[in-house]
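Heads up: the sequence shown runs through residues 10 to 125, numbered per our numbering.
Even for Gly, the Cβ is constructed at its ideal location relative to N, Cα and C.
If you're wondering where the values come from, they're calculated on a predicted model, not measured in any experiment.
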Amino acid sequence: MMLPNKMKISERATNALRRLQSNTGLTANIGARLAFFTSLERGFRFDPETDSVEHTGRELDKHTWLGDHGIITEQLLKEAYPSFTKQQFHDAWVAHVDDGSKRIETVKNLTALSDT
């Protein structure tokens, strides 16, 4: 288990996921999953030496954030960042959610998600 049981995202990502929910009806946890996978797919990589993350936004337990995708999320983080510590994995997840939420926050409907 690499990620902590309680995880917070940034305030910016919290607001972006709120906008996504307003536009599409998707809850923040589903939006966070989409944001994470969108960020990974687009090639974003977190560097703890140069990138900063904030944990001032919404907090939920790991199972709520990740749902049935917990194992694959942790595996993808481990593959992308093989030498990270537990805290760095959490920071990387937060950074990916933040990066991906920027890309999906203005989606107006579910069909448009495939265009992001």
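- At a Cβ-Cβ threshold of 8 Å, Ala101 and Phe93 count as neighbours.
- Cβ contact annotation for Asp70 (same chain, cutoff 8 Å, sequence separation greater than five): Asn14, Lys15 and Met16, in chain order.
- If you ignore the 5 residues before and after Val62, its C-beta comes within less than 6 Å of the C-beta of Asp100, Val103 and Ala104, all in its own chain and listed in chain order.
- Counting along the chain, Glu88 sits inside no beta strand (DSSP E); it lies in the alpha helix (DSSP H) bounded by residues Gly79 to Ala89.
- Membership of Glu20 in the alpha helix (DSSP H) is indicated by the continuous run Glu20 to Thr33.
- Beta-bridge pairing by DSSP links Met16 to Leu69.
- In this structure, the beta-carbon distance from Asn38 to Thr73 falls below 8 Å.
- Spanning the alpha carbons of Ser19 and Leu26 requires a straight line of approximately 11 Å.
- Going by DSSP, Thr47 is part of the alpha helix (DSSP H) stretching over Ala37 to Glu50.
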